[in-house]
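In UniProt numbering, the protein residues as written are 1 to 247. Glycine included, every Cβ here is placed at the ideal spot set by N, Cα and C.
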Amino acid sequence: MSRLNIRSVVPVCLNSILLRVERKLAGLCGLLLDDESKLTRTERTWISDRKRFLEICACDRMRAMNTILWSSEHRQWFDYDLSTNSHSGVVAASNFFPLWAGCWDHERVEMAVESLVQSGLVLEGGVSATVLHSGEQWDYPNAWPPIQEILVEGLQLSAEFLKSTESTESSTKAKSLAEQIAVSCLKSYWNGYQKYGVMFERYDSRTSDGSRGDGGEYSTQTGFGWTNGTALKFLSKYSLPFLSFFS
Numbered sequence: 001m002s003r004l005n006i007r008s009v010v011p012v013c014l015n016s017i018l019l020r021v022e023r024k025l026a027g028l029c030g031l032l033l034d035d036e037s038k039l040t041r042t043e044r045t046w047i048s049d050r051k052r053f054l055e056i057c058a059c060d061r062m063r064a065m066n067t068i069l070w071s072s073e074h075r076q077w078f079d080y081d082l083s084t085n086s087h088s089g090v091v092a093a094s095n096f097f098p099l100w101a102g103c104w105d106h107e108r109v110e111m112a113v114e115s116l117v118q119s120g121l122v123l124e125g126g127v128s129a130t131v132l133h134s135g136e137q138w139d140y141p142n143a144w145p146p147i148q149e150i151l152v153e154g155l156q157l158s159a160e161f162l163k164s165t166e167s168t169e170s171s172t173k174a175k176s177l178a179e180q181i182a183v184s185c186l187k188s189y190w191n192g193y194q195k196y197g198v199m200f201e202r203y204d205s206r207t208s209d210g211s212r213g214d215g216g217e218y219s220t221q222t223g224f225g226w227t228n229g230t231a232l233k234f235l236s237k238y239s240l241p242f243l244s245f246f247s
């Protein structure tokens with residue numbers, strides 16, 4: 001932890017979240033403007049201005065992410081280190097958050113999906129946080145449920161986008177990878193609950209036997225809200241392929 005220089009890092013994950021927030025807030029402004037009869041002229045003007053501002057922010061952020069964070073060589077986005085003016089080079093699950101944020105164009109989405117397939121992150125029990133063997137909690141082999149949900153949704157959205165551009169093969173690949181990750185996680189959550197009677201905050205991505213994740217500054221917690229939520233989200237869409245695991 002003492003080696004981290006977070007003040008100099010422009011992170012992919014944070015910018016992806018901010019891009020998504022900007023777009024969602026702009027969308028909410030649009031919904032308010034759809035029913036103008038309930039708004040005063042002053043309110044309409046204020047909301048319209050906010051919507052335009054948020055859309056500009058989102059457009060500028062996406063352009064910056066694709067200019068500064070994107071690596072054509074590695075076909076994924078990377079954190080950018082301002083102290084060295086270079087990409088971090090760390091292969092991480094968060095490098096693919098822009099798929100969830102809608103940071104798309106046709107070529108980048110295809111390359112990023114293929115890059116995730118070949119990254120070494122997608123393992124039997126889900127997607128590892130990184131490929132680094134550091135002993136820290138946000139590195140290999142920990143699979144964090146919120147990260148799994150973000151990646152699965154990002155792949156689902158990517159599949160829809162690619163389908164709309166008539167890239168059928170790439171769309172199918174993204175859709176299949178989303179299902180693979182979701183079902184792997186559900187297997188791990190189920191097996192862990194059967195063995196230990198609890199849900200963990202993180203799991204070992206190397207296996208789907210439900211083993212807890214490890215490393216970092218504290219022992220793995222049980223409960224666990226975001227795991228329960230992720231499991232329910234995956235079951236709502238992937239219950240049939242998950243149930244085939246028992247047949």
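Inter-residue Cα distance where the pair is residue i and residue j
{"i": "residue 174", "j": "residue 161", "result": "10 Å"}
{"i": "residue 186", "j": "residue 231", "result": "6 Å"}
{"i": "residue 119", "j": "residue 91", "result": "7 Å"}
{"i": "residue 102", "j": "residue 154", "result": "8 Å"}
{"i": "residue 182", "j": "residue 43", "result": "43 Å"}
{"i": "residue 128", "j": "residue 45", "result": "46 Å"}
{"i": "residue 116", "j": "residue 196", "result": "31 Å"}
{"i": "residue 15", "j": "residue 64", "result": "10 Å"}
{"i": "residue 229", "j": "residue 240", "result": "18 Å"}
{"i": "residue 93", "j": "residue 22", "result": "22 Å"}
{"i": "residue 73", "j": "residue 105", "result": "17 Å"}
{"i": "residue 203", "j": "residue 133", "result": "15 Å"}
For residue i: DSSP bridge partner residues
{"i": "residue 10", "result": "80"}
{"i": "residue 127", "result": "122"}
{"i": "residue 203", "result": "143 and 212"}
{"i": "residue 45", "result": "Answer by DSSP bridge pairing: none, since residue 45 is not bridged."}
Cut-off 8 Å between Cβ atoms - residues of its own chain near residue i, not counting five sequence neighbours on either side
{"i": "residue 176", "result": "none"}
{"i": "residue 193", "result": "199 and 210"}
{"i": "residue 80", "result": "9, 10, 68, 69, 86, 87 and 88"}
{"i": "residue 32", "result": "39 and 47"}
Buried/exposed call for residue i, threshold 16 Cβ in 10 Å
{"i": "residue 201", "result": "buried"}
{"i": "residue 147", "result": "buried"}
{"i": "residue 227", "result": "buried"}
{"i": "residue 78", "result": "buried"}
{"i": "residue 51", "result": "buried"}
{"i": "residue 144", "result": "buried"}
{"i": "residue 250", "result": "With the chain running from 1 to 247 in the structure shown, residue 250 is simply not present."}
{"i": "residue 56", "result": "exposed"}
{"i": "residue 41", "result": "exposed"}
{"i": "residue 225", "result": "exposed"}
{"i": "residue 49", "result": "exposed"}
{"i": "residue 107", "result": "exposed"}
8 Å contact criterion, which residue i and residue j should meet: CB distance rounded
{"i": "residue 83", "j": "residue 5", "result": "6 Å"}
{"i": "residue 61", "j": "residue 28", "result": "Not confirmed; about 18 Å, so no contact."}
Residues of its chain near residue i, where Cβ-Cβ distance is below 6 Å and the 5 sequence neighbours each way are ignored
{"i": "residue 191", "result": "209 and 210"}
{"i": "residue 152", "result": "178, 181 and 182"}
{"i": "residue 137", "result": "215 and 216"}
{"i": "residue 212", "result": "200 and 220"}
{"i": "residue 170", "result": "110 and 162"}
{"i": "residue 242", "result": "183 and 186"}
{"i": "residue 25", "result": "54"}
{"i": "residue 159", "result": "171, 174 and 175"}
Neighbourhood of residue i by C-beta, 7 Å cutoff - its chain only, sequence neighbours within 5 removed
{"i": "residue 112", "result": "75, 76, 96 and 99"}
{"i": "residue 233", "result": "149"}
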